[in-house]
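Under the working numbering, residue 199 is the last one in the sequence shown; the count climbs by one each step, no gaps.
All C-beta atoms in this analysis are idealised placements derived from N, C-alpha and C, irrespective of residue type, glycine included.
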Amino acid sequence: TEEGGPVAPICSPSSSSTSVFSGIQQFNLLDINNASEAADVGYEDFSCTHVSEGTSGTFHELTVSLFGSEYLKVWIDLDADGTFTEAEIIFQSQTAENFHSSNLLLPGTQIYNEPLRLRVMSSSEPSFNACSIVSAGQVEDYTLVLQENFDPPSADFVASDLNVQPSESVFYTDLSTNL
21 TEEGGPVAPI CSPSSSSTSV FSGIQQFNLL DINNASEAAD VGYEDFSCTH VSEGTSGTFH
81 ELTVSLFGSE YLKVWIDLDA DGTFTEAEII FQSQTAENFH SSNLLLPGTQ IYNEPLRLRV
141 MSSSEPSFNA CSIVSAGQVE DYTLVLQENF DPPSADFVAS DLNVQPSESV FYTDLSTNL
């Protein structure tokens, strides 16, 4: 890692059309609560000023307010190699909205107690990666230090219906923690 911060990213994505009507307005996760300017700045690196710790396998509320109706993705560089892969996406919206929220499960990693880069990216386009130059949107980087979870797993779920007939489907949400 770099002195005091996460590994530098291999790319600095941006927005090709900076606008006060798009981009990230407010980002909240764990101890990070950051209000920022509209996408007149396409990429902002807050990794040295906004740092938080979290325990893998635990749920935390993620909320992101946007200046416009956009898609959102959040990555953690779990292997600290400066890249953000599809496997490192911890949140991805399915629709363009002005507000996104999720009860987010912090993943496990091979690297604990070290600063990892967390990237938040909004885009007016539904398909983008962590290095895309989008036509409208914004990118912000933060630092997350993951702590290893030594608590035993706790299985839990909620189901759409507990009275099911043969050949009917059941939809459930896994709420297990400490994985």
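Can you give me the C-alpha to C-alpha distance between residue i and residue j, rounded to a whole angstrom?
{"i": "residue 75", "j": "residue 65", "result": "23 Å"}
{"i": "residue 90", "j": "residue 57", "result": "16 Å"}
{"i": "residue 159", "j": "residue 132", "result": "25 Å"}
Going by DSSP, which residues form a beta bridge with residue i?
{"i": "residue 217", "result": "This structure cannot settle anything about residue 217, because the visible part of the chain is limited to 21 through 199."}
{"i": "residue 135", "result": "165"}
Taking 6 Å as the limit between beta carbons, can you name the residues of its chain near residue i, skipping five residues before and five after?
{"i": "residue 68", "result": "25"}
{"i": "residue 119", "result": "85"}
{"i": "residue 98", "result": "108 and 129"}
Beta-carbon within less than 7 Å of residue i's beta-carbon, same chain only, minus the 5 sequence neighbours each way: which residues are those?
{"i": "residue 169", "result": "75, 76, 77, 78 and 198"}
{"i": "residue 102", "result": "27, 28, 29 and 30"}
{"i": "residue 117", "result": "89"}
Is DSSP giving residue i helix, strand or coil here?
{"i": "residue 108", "result": "helix"}
{"i": "residue 158", "result": "strand"}
{"i": "residue 57", "result": "coil"}
{"i": "residue 27", "result": "coil"}
{"i": "residue 177", "result": "strand"}
{"i": "residue 191", "result": "coil"}
{"i": "residue 83", "result": "strand"}
{"i": "residue 184", "result": "coil"}
{"i": "residue 130", "result": "coil"}
{"i": "residue 103", "result": "coil"}
{"i": "residue 142", "result": "strand"}
When you compare the CB of residue i with every CB in chain D, is at least one pair closer than 8 Å?
{"i": "residue 43", "result": "The chain inventory of the structure shown lacks chain D, comprising one protein chain alone."}
Within 8 Å, do at least three Cβ pairs link the segment 145-152 to the segment 119-132? no
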